[in-house]
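With my numbering, you'll find the sequence shown wraps up at 1046, consecutive numbering, no jumps. Using N, Cα and C, we set each Cβ at its ideal position, and we do this for glycine too. Structure, as structure tokens:
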Amino acid sequence: NAIDELKASEEKYRNLYHNSVISKHTTDFTTLKPVDVNEVAVKLFGYKSKEDFLQNFVPSKHAINVDDFKKNIATLKENGEILNLAQEMKRVDGTHFWANIFSKLDSAKLFTQTIIIDITEQINAINKAKESEEKYKVLFENSLVSMHTTDLNTFKAINANDVAVALFGYKSKEDFIMNFTPSKHYAHENDL
855 NAIDELKASE EKYRNLYHNS VISKHTTDFT TLKPVDVNEV AVKLFGYKSK EDFLQNFVPS
915 KHAINVDDFK KNIATLKENG EILNLAQEMK RVDGTHFWAN IFSKLDSAKL FTQTIIIDIT
975 EQINAINKAK ESEEKYKVLF ENSLVSMHTT DLNTFKAINA NDVAVALFGY KSKEDFIMNF
1035 TPSKHYAHEN DL
């Protein structure tokens, strides 16, 4: 019958919600108090238990910048959802983590369902890559030897340091990138 189907459907939803590998919580949008949470969210935010989360979770206290939290609430009111928002947050103990936030306001504008994916490792990897790139750029630009990078498929110059520009007799980096052809700089064609 219809009631049994509805109960079975609700049980499947509850299992998906509570057994998910990503953080999920539901919030009363009028009070901003949580009404349900899964264990992943409890751990992500650093609470001791589901009950601890439900009693003590205050969304604004987990924002690094309260203005960001206020913007998120305004976005939910205006658009009804937040999609793929990367934002730094903090746990109960004050440690920071990066989150990818997805939040949806129901049609009655009473409850929000929020999914938060911890992307701290991804952000840290991106930051390390940027630091490495900056070190490379400094070494490249300040090298005492001629350095340039070339696309191996087209043999077009991609970048050059000032030493390479001067060594090959170009007016600027832009001139080098636009006009550098490796074959022009060999004394003998057989050396190519």
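query = Is it the case that the Cβ atoms of T974 and F951 are separated by a distance below 8 Å?
reply = If you check the CB distance, T974 and F951 come in under 8 Å.
inquiry  = Quick check on the burial criterion: 16 or more other C-beta atoms within 10 angstroms. Buried or exposed for Y901?
reply    = By the neighbour-count rule (16 or more Cβ atoms within 10 Å), Y901 is buried.
inquiry  = Please return the same chain residues whose Cβ sits closer than 8 Å to the Cβ of S997, not counting the five positions on each side in sequence.
reply    = Hits under 8 Å: N1015 and V1017.
ask   = Do L959 and G934 come within 8 Å of each other at the CB atom, strictly closer than that value?
value = Contact flag set, yes.
query = Which whole runs of the beta strand (DSSP E) in the stretch 952–1034 are 3 residues long or more, in chain order?
reply = Secondary structure within the stretch 952–1034: the beta strand (DSSP E) runs of 3 or more consecutive residues, fully enclosed, are 965–972, 1002–1004 and 1011–1014 (chain order).
key: Simplified DSSP assignment, three categories, for A1041   = Looking at A1041 - three-state DSSP - the assignment turns out to be coil, as it is neither helix nor strand.
Reduced DSSP secondary structure (H/G/I, E/B, other) of K902 = Three-state DSSP puts K902 in coil, outside helix and strand.
key: Closest residue to H1002 among A928, V889 and E1028 (Cα-Cα distance)   = When each option's Cα is compared against that of H1002, the closest is E1028.
message = How far does the alpha helix (DSSP H) with D882 in it extend, from its first residue to its last?
response = Under the DSSP assignment, D882 falls outside any alpha helix (DSSP H), being part of the beta strand (DSSP E) whose first and last residues are S877 to D882.
task = Measure the alpha-carbon distance for T1004 versus A953 and round it to whole angstroms.
result = Counting only the Cα atoms, A953 lies some 38 Å from T1004.
inquiry  = Less than 8 Å between the C-beta atoms of A895 and H879, yes or no?
reply    = In this structure, A895 places its C-beta atom within 8 Å of the C-beta atom of H879.
Assigned secondary structure, N926 (DSSP; H/G/I helix, E/B strand, else coil) = In the structure shown, N926 sits in a helix (DSSP, three-state: H, G or I).
message = Could you give the first and the last residue of the continuous beta strand (DSSP E) run that contains I936?
response = Its beta strand (DSSP E) spans residues E935 to K944.
ask   = Are there 16 or more other CB atoms within 10 angstroms of the CB of A1011, so buried, or fewer, so exposed?
value = Taking every protein chain shown into account, the CB of A1011 has 16 or more other CB atoms within 10 angstroms, so this residue is buried.
message = Judging by CA-CA distance, which residue of S957, N910 and L908 is the nearest neighbour of A928?
response = Nearest to A928 by C-alpha distance, out of S957, N910 and L908, is S957.
query = How about I955 and I977: do their beta carbons lie closer than 8 Å?
reply = Going by C-beta atoms, I955 is not nearer than 8 Å to I977.
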